[in-house]
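These protein sequence lines map, in sequence, to chains A and B. Here this note's numbering is used: position 224 in the first sequence is 403, and no number is missing along the way. Here this note's numbering is used: position 39 in the second sequence is 122, and no number is missing along the way. To keep things clear, I will list the structure first and then write my remarks on it.
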Amino acid sequence: MPEATLLLQFLVTGAGTGCVYGLVAIGFCVIYNASGIVNFAQGSFVMLGGVVTYSLWHALHLPLAVAALGAIIVSVALGVLTDLLVVRPLWHRRATMFVMILATLAVQIVVERLTLIVVGDAPMSLPPILSRGPIHLGPIVLDTQVAFIFAVSLLLVAGLRLFFTRTATGRAMRACSIDRDAAALLGIPVSRLVAVGFALSAAIGAIAGILVTPTQYTAYNLGVPFAISGFIAAILGGFGNPFGAFLGGLMLGITQSLATVAFGAGTRNVFSLAVLLIFLLLRPQGLLGTAKT
Amino acid sequence: MTALLELQGLHACYGQVEALHGVDLSVGAGEMVAVLGPNGAGKSTLLRAVMGQVATAGSIRFEGASVAYAPTHRRAALGMVMVPEGRGIFGPMTVDENLSLGGWTQRGCVAAQRGRVLDLFPRLRERLGQLAGSLSGGEQQMLAIGRAMMMQPRLLMLDEPSLGLAPRLAAAILEALGELNRNGLGILLVEQRAPLALRLARRAYVLRLGNVVAQTQPGETLTQDQLGRLYLA
């Protein structure tokens, strides 16, 4: 049955994109948990991941792995600077969440425009990180880059799980997400953990950007679309739950892929937003979230 | 000898509203001091002010050194430990995780301290793997105090530890505090149930509308009559 095989093929491809959305969504959750802020500059980490890797690889002729590492470092630096220069001063002035969220959106725009000035508006792409032929799983063809995305995403999710349950810092970050005042009373330096949260989500965002670039392309203005998909995925998963967010990403990727095959590529955003609306109406707490009263 | 905690002319504000109007208070080493007063007197605000969780003016000295400008977590690391109103338990985390978070400032000697805490509250030993949110009110209070003890406090401050507990449980909790105090721990206890607190504390301050309106000397007790007048006047 070629139709069934084709469907399966689209499911696999969709899940690959979904992993990337899931990683972006995890980035939203990590910062939200540590600080209560929805960081709309998340997309700029994703964009920088791809663009900086490309620039280091293309212009400086660095090996791909080194270029990728460089891009992660640049994104982490941007994340920590966003916290130190934008979020923390506002925090000390007891700014409202609305102000903080707008400030992160401003960071997104500034980074996007600076990138445009520095590298221009040409779309750029990367060669596959593993250069070998596609993997054949029975009738399904698994692109190596998609397989690589699966592997790295799952490793990252497992690593994060260990970090949040087994390490003192990870547990303290969870404690902050439950009750920041009570955490501070235990001697936990809440603002330092917010900085760790920004660094961690910037790294995850950059990795997502690096992973996705070989399968499509990247450009200075690709941060926002990824941020929107990641944001939707985070809501689907139950905002604040990193593992729910990853599942939300998978769900969103598969939905978009199926919409593309059934109704054409133009409808994928229609279906993304439709899924979001359905969730907001029927299950506003998301897949793994707990209802807020 | 320097006092463990010394407050002089302490003011505290929530935005434009001043909730404490110049409070003087001290807790000596190894002393248990009670703060009494009706609802809205500023008792909780007093503890929040000592920990730097509200904007303050005035002097806050801990073991002789000013901490008025230190952030909350640094005060906690010095050994100023507060169990907040509502206990501040991390409900979605296990009892064990809650306890180990209490060891954040004391990394290195967590295991030994954990043993002492579980000896003080054996009930917690049976519940280590359980989610803290699923504990009964009394057990949650034990966990809150146990978690605070993980920090090896020099001064333990408690905001209404008996709140919402059956009288017998409340008495058991206060009994445990009495034992900690006999072992030399300085305690500042905020309580609405004055008789319970007065049975244990060496001295008491009575707070009303953000001012200290009365304080007792060691050995001196307040009669029901005096108390009633202080609360209602």
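Every residue gets a Cβ at the ideal spot worked out from N, C-alpha and C, and that includes glycine. All values derive from a computational prediction rather than experimental measurement.
CB-CB length for residue i against residue j, believed under 8 Å
i, j, result
"S223 (chain A)", "Q287 (chain A)", "5 Å"
"F219 (chain A)", "I280 (chain A)", "6 Å"
"R206 (chain B)", "M225 (chain B)", "6 Å"
"G327 (chain A)", "L341 (chain A)", "The sequence given here has Phe at residue 327 (chain A), not Gly. So it is not a contact: roughly 21 Å between Cβ atoms."
"G427 (chain A)", "G201 (chain A)", "7 Å"
"G416 (chain A)", "L467 (chain A)", "6 Å"
"L305 (chain A)", "T392 (chain A)", "5 Å"
"I251 (chain A)", "A337 (chain A)", "I251 (chain A) to A337 (chain A), Cβ: 19 Å. No contact."
"L372 (chain A)", "A213 (chain A)", "5 Å"
"L267 (chain A)", "S356 (chain A)", "Reading the sequence as shown, one finds Arg at residue 267 (chain A) and not Leu. Rounded, the Cβ-Cβ distance is 18 Å, inconsistent with contact."
"L238 (chain B)", "V110 (chain B)", "6 Å"
"L339 (chain A)", "I205 (chain A)", "7 Å"
"I457 (chain A)", "G228 (chain A)", "Not confirmed; about 31 Å, so no contact."
Own chain, CB closer than 6 Å to residue i, minus 5 neighbours either side, in chain order
i, result
"G215 (chain A)", "none"
"L379 (chain A)", "V209"
"L211 (chain B)", "V178 and D179"
"A253 (chain B)", "S245"
"A387 (chain A)", "V199, L202, V203 and V225"
"M165 (chain B)", "L130, M134 and M240"
"N264 (chain B)", "M115 and I270"
"H104 (chain B)", "G293 and N294"
"D202 (chain B)", "none"
"R144 (chain B)", "E89"
"Q309 (chain B)", "none"
"T446 (chain A)", "A438"
"A246 (chain A)", "T232, L235 and W236"
Same chain, Cβ closer than 8 Å to residue i, five either side skipped, listed in chain order
i, result
"T155 (chain B)", "M134, G135 and Q136"
"S142 (chain B)", "E89, L90, Q91, G92, L93, S149 and A151"
"A354 (chain A)", "A361, A362, L365 and I367"
"Q223 (chain B)", "R170, I172 and A215"
"Q196 (chain B)", "G186, Q189, M232, M233 and Q235"
"D300 (chain A)", "A398, Y399 and N400"
"A255 (chain B)", "G221"
"L283 (chain B)", "M115, A117, L257, L260, G261, N264 and L272"
Alpha-carbon spacing of residue i relative to residue j, whole angstroms
i, j, result
"A183 (chain A)", "G432 (chain A)", "19 Å"
"C198 (chain A)", "R230 (chain B)", "39 Å"
"V191 (chain A)", "A441 (chain A)", "15 Å"
"L260 (chain B)", "I383 (chain A)", "46 Å"
"T472 (chain A)", "D358 (chain A)", "With a pLDDT of 37 at T472 (chain A), under the threshold of 50, the modelled position of that residue is not reliable, and the figure given next carries that caveat. Approximately 16 Å between the Cα atoms of the pair."
"A413 (chain A)", "V106 (chain B)", "47 Å"
"R286 (chain B)", "P244 (chain B)", "18 Å"
"D242 (chain B)", "L248 (chain B)", "13 Å"
"A132 (chain B)", "T139 (chain B)", "6 Å"
"L269 (chain A)", "L279 (chain B)", "44 Å"
"Q221 (chain A)", "V278 (chain A)", "16 Å"
"G113 (chain B)", "C96 (chain B)", "30 Å"
"L461 (chain A)", "Q435 (chain A)", "20 Å"
"L293 (chain A)", "V217 (chain A)", "22 Å"
"P404 (chain A)", "N448 (chain A)", "10 Å"
"V255 (chain A)", "V230 (chain A)", "14 Å"
"L264 (chain A)", "Y211 (chain A)", "18 Å"
"T321 (chain B)", "V289 (chain A)", "One cannot answer for residue 321 (chain B) here, as it falls past the ends of chain B, which runs 84 to 316."
"E303 (chain B)", "G267 (chain B)", "21 Å"
"A470 (chain A)", "P301 (chain B)", "Residue placement at A470 (chain A) is poorly supported in this model, since its pLDDT is 49, which falls under 50; the coordinates still yield a value, given next. Rounded to whole angstroms, A470 (chain A) to P301 (chain B) spans 50 Å at the Cα level."
"G162 (chain B)", "L108 (chain B)", "18 Å"
Neighbourhood of residue i by C-beta distance below 7 Å, restricted to the same chain and skipping five residues each side
i, result
"Q275 (chain B)", "E243"
"S332 (chain A)", "C198, G201 and L202"
"V297 (chain A)", "none"
"A227 (chain B)", "V166, R170, G171 and I172"
"R311 (chain A)", "T323"
"P307 (chain A)", "T323, Q324 and P393"
Handout entry: Within the stretch 124-164 of chain B, ranges of the alpha helix (DSSP H) (whole runs, at least 4 residues)
Key = Counting whole runs of 4 or more residues, the stretch 124-164 of chain B contains the alpha helix (DSSP H) stretches 126-133 and 155-160.
Practice task
Counting only runs of 3+ residues fully inside the stretch 160-232 of chain B, write out the beta strand (DSSP E) ranges in chain order.
Solution key: Unbroken beta strand (DSSP E) runs of no fewer than 3 residues, entirely contained in the stretch 160-232 of chain B, are found at 163-166, following chain order.
Exercise for the section: Any chance you could list the alpha helix (DSSP H) runs of at least 4 consecutive residues sitting entirely within the stretch 260-324 of chain A, in chain order? Expected result: You should have 267-271 and 276-298.
Practice task
Examine the Cβ distances between the stretch 203-218 of chain B and the stretch 165-179 of chain B and report whether three or more of them are shorter than 8 Å.
Solution key: Output reads yes: the stretch 165-179 of chain B touches the stretch 203-218 of chain B.
Problem - Segment contact flag, the stretch 234-242 of chain A with the stretch 394-410 of chain A, C-beta cutoff 8 Å, min 3 pairs - result: Contact fails: fewer than three Cβ-Cβ distances are below 8 Å.
Problem - Cβ contact (3+ pairs, closer than 8 Å) linking the stretch 344-360 of chain A and the stretch 174-194 of chain B - result: The stretch 344-360 of chain A, when compared against the stretch 174-194 of chain B, does touch it at the 8 Å Cβ threshold.
Problem - Cβ pair count under 8 Å reaching 3, the stretch 371-388 of chain A against the stretch 252-272 of chain A - result: Two segments are said to touch when three or more pairs of C-beta atoms, one from each, lie closer than 8 Å; by this definition the stretch 371-388 of chain A touches the stretch 252-272 of chain A.
Handout entry: Cβ pair count under 8 Å reaching 3, the stretch 122-132 of chain B against the stretch 281-300 of chain B
Key = They touch, by the three-pair rule.
Exercise for the section: Entirely within the stretch 248-293 of chain B and at least 4 residues each: give me those alpha helix (DSSP H) ranges in chain order. Expected result: Taking only runs of at least 4 residues, the alpha helix (DSSP H) segments lying wholly in the stretch 248-293 of chain B are 250-265 and 277-283.
Exercise for the section: Count the CB pairs spanning the stretch 95-103 of chain B and the stretch 446-465 of chain A that are closer than 8 Å, and state whether there are at least three. Expected result: Short answer: they don't touch.
Practice task
Tell me the start and end of each unbroken alpha helix (DSSP H) in the stretch 322-379 of chain A that is at least 4 residues and wholly inside, in chain order.
Solution key: As far as the stretch 322-379 of chain A is concerned, its whole alpha helix (DSSP H) runs of at least 4 residues are 323-345, 347-357 and 359-364.
Exercise for the section: Quick one: which unbroken alpha helix (DSSP H) runs of 4-plus residues sit fully inside the stretch 419-447 of chain A? Chain order, please. Expected result: Counting only runs of 4 or more, we get 421-442.
Problem - Segments assigned alpha helix (DSSP H), at least 4 residues, entirely inside the stretch 188-264 of chain A - result: Counting only runs of 4 or more residues that sit fully inside the stretch 188-264 of chain A, the alpha helix (DSSP H) segments are 221-238 and 243-260, in chain order.
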